[in-house]
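> Can you read through this structure? Questions will come right after.
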Amino acid sequence: MAAVEMDLAFRALADGNRRAILSVIRGGPQPVGAVAEAVGLSQQTTSHHLRTLHRAGLASVTADHTRRLYALNTDGMAAVRSYLADFWPDRLATLKSVIEAREEVERG
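Numbering follows UniProt numbering, with no gaps: position 50 of the sequence shown is 50.
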């Protein structure tokens, strides 16, 4: 995922309504109306959020006769997860060091 797309993804994820929508569409393709009902938003507002998620690469859209179905874009989410994972090894190593130092102090 390019830097610009990553910026769009994090902006999209910063909104609680969009995170709720992602939780709904991760279960499989859903029409806007079903997503709107599940998250308690109007169809117009839900459509806006879904377009934002799609532009950010976090949702995919397919046409099904007269309606559009939205689903979680696992590739986009994997790119975000991969980016964030780069920060965890250092944090976990630091946490391990802190715990070991604390245990050493407690042992005397």
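Glycine residues also receive a C-beta, built at the ideal position from the N, C-alpha and C atoms.
Going by Cα to Cα distance, which pick from L58, A20, L95, H48 is closest to V80?
Residue 80 sits at position 80 when you count from the first residue of the sequence shown. Closest by alpha carbon: L58.
> By Cβ distance below 7 Å, which residues in the same chain neighbour L84 in space, the five residues on each side in sequence not counted?
By 1-based counting over the sequence shown, the position of residue 84 is 84. Closer than 7 Å at the Cβ level, and outside the excluded window around L84, lies no residue.
> By the three-class DSSP mapping on this structure, what secondary structure does residue 167 have?
For residue 167 there is no data in the structure shown, the boundaries of the chain being 1 and 108.
> Straight-line CA distance for M77 to F10?
Reading the sequence shown from its first residue, position 77 is the one you call residue 77. Reading the sequence shown from its first residue, position 10 is the one you call residue 10. Answer to the nearest angstrom: the Cα atoms are 10 Å apart.
> Could you tell me if V98 is buried or exposed, where buried requires 16 or more neighbouring beta carbons within 10 angstroms of its beta carbon?
Locating residue 98 in the sequence shown gives position 98, where the first residue counts as 1. Result: exposed.
> From Q44, G108, A56, H65, pick the residue whose C-alpha is nearest to that of L22; which is it?
Along the sequence shown, one-based indexing puts residue 22 at 22. Minimum Cα distance to L22 is reached at A56.
> Buried or exposed: which applies to residue 118, given that a residue is buried once 16 or more other Cβ atoms fall within 10 Å of its Cβ?
Lying outside 1 to 108, the shown extent of the chain, residue 118 is not represented and no answer is given.
> Sort G28, P29, G16, G27 by Cα distance to L41 and report the nearest one.
Indexing the sequence shown from 1 puts residue 41 at position 41. The shortest C-alpha separation from L41 is found at G16.
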